[in-house]
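For the record, the sequence lines run as chains A and B. Position in the first sequence (first residue = 1) + 60 = the numbering used here. Position in the second sequence (first residue = 1) + 60 = the numbering used here. Here a beta-carbon is modelled for each residue, glycine too, at the ideal position from N, C-alpha and C.
There are 2 protein chains.
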Amino acid sequence: MTDTVSAAMLVIGDEILSGRTKDRNIGHLADIMTAIGIDLKEVRIVADDEGDIADAVNALRGHYTYLFTTGGIGPTHDDITADSVAKAFGVPCEHDAAALALLGAHYARREMEFTEARRRMARMPRGAVHIDNPISVAPGFRIGNVHVMAGVPAIFQAMLDNVLPTLKTGQKLLSATVHCPFGEGVIGGPLGGIQKAHPNTIIGSYPKYRDGSFWTELVVRSRSAEALEAARAAVEAMVQSLTPAA
Amino acid sequence: MTDTVSAAMLVIGDEILSGRTKDRNIGHLADIMTAIGIDLKEVRIVADDEGDIADAVNALRGHYTYLFTTGGIGPTHDDITADSVAKAFGVPCEHDAAALALLGAHYARREMEFTEARRRMARMPRGAVHIDNPISVAPGFRIGNVHVMAGVPAIFQAMLDNVLPTLKTGQKLLSATVHCPFGEGVIGGPLGGIQKAHPNTIIGSYPKYRDGSFWTELVVRSRSAEALEAARAAVEAMVQSLTPAA
Numbered sequence: 061m062t063d064t065v066s067a068a069m070l071v072i073g074d075e076i077l078s079g080r081t082k083d084r085n086i087g088h089l090a091d092i093m094t095a096i097g098i099d100l101k102e103v104r105i106v107a108d109d110e111g112d113i114a115d116a117v118n119a120l121r122g123h124y125t126y127l128f129t130t131g132g133i134g135p136t137h138d139d140i141t142a143d144s145v146a147k148a149f150g151v152p153c154e155h156d157a158a159a160l161a162l163l164g165a166h167y168a169r170r171e172m173e174f175t176e177a178r179r180r181m182a183r184m185p186r187g188a189v190h191i192d193n194p195i196s197v198a199p200g201f202r203i204g205n206v207h208v209m210a211g212v213p214a215i216f217q218a219m220l221d222n223v224l225p226t227l228k229t230g231q232k233l234l235s236a237t238v239h240c241p242f243g244e245g246v247i248g249g250p251l252g253g254i255q256k257a258h259p260n261t262i263i264g265s266y267p268k269y270r271d272g273s274f275w276t277e278l279v280v281r282s283r284s285a286e287a288l289e290a291a292r293a294a295v296e297a298m299v300q301s302l303t304p305a306a
Numbered sequence: 061m062t063d064t065v066s067a068a069m070l071v072i073g074d075e076i077l078s079g080r081t082k083d084r085n086i087g088h089l090a091d092i093m094t095a096i097g098i099d100l101k102e103v104r105i106v107a108d109d110e111g112d113i114a115d116a117v118n119a120l121r122g123h124y125t126y127l128f129t130t131g132g133i134g135p136t137h138d139d140i141t142a143d144s145v146a147k148a149f150g151v152p153c154e155h156d157a158a159a160l161a162l163l164g165a166h167y168a169r170r171e172m173e174f175t176e177a178r179r180r181m182a183r184m185p186r187g188a189v190h191i192d193n194p195i196s197v198a199p200g201f202r203i204g205n206v207h208v209m210a211g212v213p214a215i216f217q218a219m220l221d222n223v224l225p226t227l228k229t230g231q232k233l234l235s236a237t238v239h240c241p242f243g244e245g246v247i248g249g250p251l252g253g254i255q256k257a258h259p260n261t262i263i264g265s266y267p268k269y270r271d272g273s274f275w276t277e278l279v280v281r282s283r284s285a286e287a288l289e290a291a292r293a294a295v296e297a298m299v300q301s302l303t304p305a306a
């Protein structure tokens, strides 16, 4: 599988860790990465702390093809993502001329003052390139393999849509789901045997619990359609063999 | 703030990273930790990979007062959390006699076979102590400062309820919210000044976007009720000063 493209995500913000805000971006990024054939391998959530953010950026950007961050790029004192990413790359964080022009024109059109706080949103690490923000103008940015985006879900999603066409994508991981009316204790043994017999697949077992009883969703994944179908058929046959005849 | 108690969370499972399952445990743990005065400082989500899990366990357990994990403790081949945590601690992972007895009795009562897969759920690192599971019997476990719990939300929540009375808790972080009808660009400057003037508080600004316009939730947090009220009053006065008279 030499054409695997990997990604990590860094969610930045005290409000997620305190529970005040429930993250909605992880699930969205996970869905999109799966859809385009990039393996999301790790997610971290860290507080609004420059050292913590920079350490996480450096740990993740070196390890995966892409890193996507959300949060901390607004105009207030607790928005320190641009500074932290600059620190991680060892470059200065400075007002970007193009971003200043973009934001200046935006506020002039709306007859709003271009405050110092708003000017903060034009700061980015030297060498960064913009990620367009069709909703509220203030751009995200990319530096190296790190894509820095907003935390507000509507803006994050719009920025991510602009990033997607620039990404190298891998061969898509195909998947097939087999519904299993039994709990994992029933199928765990035979399922392990099927996994061993089908090494080019990843077989996942997801326990579900409802109204006092367990059932299981069995998901087979593979980059090969043939391997996928062979393993799926084996899983289905196993489930059938355990089902009492009607 | 010498009485700060910190925590990290490790969410284990391919299904979260692929987007198939949307995590519901992070928000729950965050809410509970905030309620009892423990600072949740970091969350990581990793795949079902023994090395990745062990590395994350070791990185996090050394850094924070407590580590809580969810996922990967069921009976199937992809449930490798117990092995990975044992590896992190450098101890063997073995069938625990008490857990075997508990599970054996449970399946005997229900006249169900105690399969090899089900016996897997009794495996834990040597020296671990049980975390009771009132829903489906198979225990979670604690070793050192690491609490290993189920990923199914109902079971995770029940296990966590059993863990809470055993935790050392910190002085609760108090909070007060001020609604602000303006976007961050308007209040960013003065808010930064208030933060500087109230160093014993953490002032967060959370942008909200709805129907084409921005508003902001301003949240002041502090372990001191007096410091909290002083900063809250300053934030409210600032918002009032920007609001046009009726």
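| message | Between asparagine 205(B) and the ligand NAD, is there a pair consisting of the residue's CB and a ligand heavy atom that are separated by less than 7 Å? | response | This structure does not include the ligand NAD; it has no bound ligands of any sort.
| How about the stretch 86-104 of chain B and the stretch 273-283 of chain A: do they share at least three Cβ pairs that are nearer than 8 Å? | no
| said: For a minimum of 4 consecutive residues, which ranges assigned as the alpha helix (DSSP H) are wholly contained in the stretch 108-192 of chain A? | reply: 110-121, 141-149, 157-169 and 176-180
| Check whether glycine 111(A) and alanine 90(B) have beta carbons under 8 Å apart | As a first step, residue 111(A) is located in the first sequence; it is residue number 51 there, counting from the start. As a first step, residue 90(B) is located in the second sequence; it is residue number 30 there, counting from the start. Cβ atoms of glycine 111(A) and alanine 90(B): not closer than 8 Å.
| threonine 261(A) - DSSP class collapsed to helix/strand/coil | In the first sequence, the residue the question calls residue 261(A) occupies position 201. Of the three classes helix, strand and coil, the one that applies to threonine 261(A) here is coil, per DSSP.
| request: Would you kindly check if the distance between the Cβ of glutamate 75(B) and the Cβ of isoleucine 105(A) is under 8 Å? | output: Counting from one through the first sequence, the residue named residue 105(A) turns up at place 45. Counting from one through the second sequence, the residue named residue 75(B) turns up at place 15. No, the pair does not count as a contact, with Cβ atoms beyond the cut-off.
| Option nearest lysine 268(A) by Cα separation, candidates Leu278(A), Asn260(A) and Pro259(A) | For the purposes of this step, residue 268(A) is identified with residue 208 of the first sequence, where counting begins at 1. The shortest Cα separation from lysine 268(A) among Leu278(A), Asn260(A) and Pro259(A) belongs to Leu278(A).
| Which residue comes first and which comes last in the beta strand (DSSP E) that contains glycine 200(B)? | Mapped onto the second sequence, residue 200(B) falls at position 140. Taken as a continuous stretch (DSSP letters only), the beta strand (DSSP E) holding glycine 200(B) covers 200-203.
| Straight-line Cα distance separating phenylalanine 242(A) from aspartate 138(A) | Start at 1 with the first residue of the first sequence, and residue 138(A) comes out as number 78. Start at 1 with the first residue of the first sequence, and residue 242(A) comes out as number 182. The alpha-carbon atoms of aspartate 138(A) and phenylalanine 242(A) are separated by roughly 49 Å.
| How would you list, in chain order, the residues of chain B whose beta-carbon sits under 9 Å from the beta-carbon of threonine 129(A)? | To locate residue 129(A), count along the first sequence from 1; it is residue 69. Near threonine 129(A) there are no residues of chain B at all, since even the closest Cβ is about 14 Å away, more than 9 Å.
| Where does isoleucine 72(A) sit, in a helix, a strand or coil, going by DSSP? | Taking the first sequence and counting its residues from 1, one reaches residue 72(A) at position 12. In this structure, isoleucine 72(A) counts as strand in the three-state DSSP scheme.
| said: If we define contact as Cβ-Cβ less than 8 Å, is aspartate 115(A) a contact residue for chain B? | reply: Taking the first sequence and counting its residues from 1, the one referred to as residue 115(A) is at position 55. No, its Cβ sits nowhere closer than 8 Å to a Cβ of chain B.
| task | Measure the alpha-carbon distance for alanine 158(B) versus alanine 165(B) and round it to whole angstroms. | result | Locating residue 158(B) in the second sequence gives position 98, counting from the first residue. Locating residue 165(B) in the second sequence gives position 105, counting from the first residue. So the alpha carbons of these two residues sit roughly 11 Å apart.
| query | Closest to histidine 41(B) by CA distance: which of Pro259(B), Pro185(B), Ala67(B) and Gln217(B) is it? | reply | With chain B covering 61 to 306 only, the question about residue 41(B) has no answer from this structure.
| request: Out of Met209(A), Cys153(A), Val145(A) and Asp271(A), point me to the one whose CA is closest to alanine 119(A)'s CA. | output: Numbered from 1 along the first sequence, position 59 holds the residue referred to as residue 119(A). Selected option, being the one with the closest Cα: Val145(A).
| Do arginine 121(A) and valine 206(A) have their C-beta atoms closer together than 8 Å? | On the first sequence, position 61 is the one that residue 121(A) refers to. On the first sequence, position 146 is the one that residue 206(A) refers to. It is a contact, given that the beta carbons lie within the stated cut-off.
| field | Neighbourhood of valine 65(A) by C-beta, 8 Å cutoff - its chain only, sequence neighbours within 5 removed | value | Along the first sequence, read from residue 1 onward, the residue named residue 65(A) stands at position 5. Answer for valine 65(A): Gly97, Ile98, Asp99, Thr125, Tyr126, Leu227, Lys228, Thr229 and Gly230, listed in chain order.
| query | Once you ignore the five residues that flank alanine 287(A) on each side, which residues in its own chain have a CB closer than 6 Å to its CB? | reply | By 1-based counting over the first sequence, the position of residue 287(A) is 227. Once the five neighbours on either side are set aside, the close Cβ partners of alanine 287(A) are Asn260 and Thr261.
| query | Taking the continuous beta strand (DSSP E) assigned at serine 301(B), which residues delimit it? | reply | Counting from one through the second sequence, the residue named residue 301(B) turns up at place 241. Looking at the DSSP string, serine 301(B) is not in any beta strand (DSSP E); the run it does join, the alpha helix (DSSP H), is 285-302.
| task | Give the range of the beta strand (DSSP E) segment to which valine 208(B) is assigned. | result | Counting from 1 along the second sequence, the entry for residue 208(B) is found at position 148. Looking at the DSSP string, the run of the beta strand (DSSP E) that includes valine 208(B) is 206-209.
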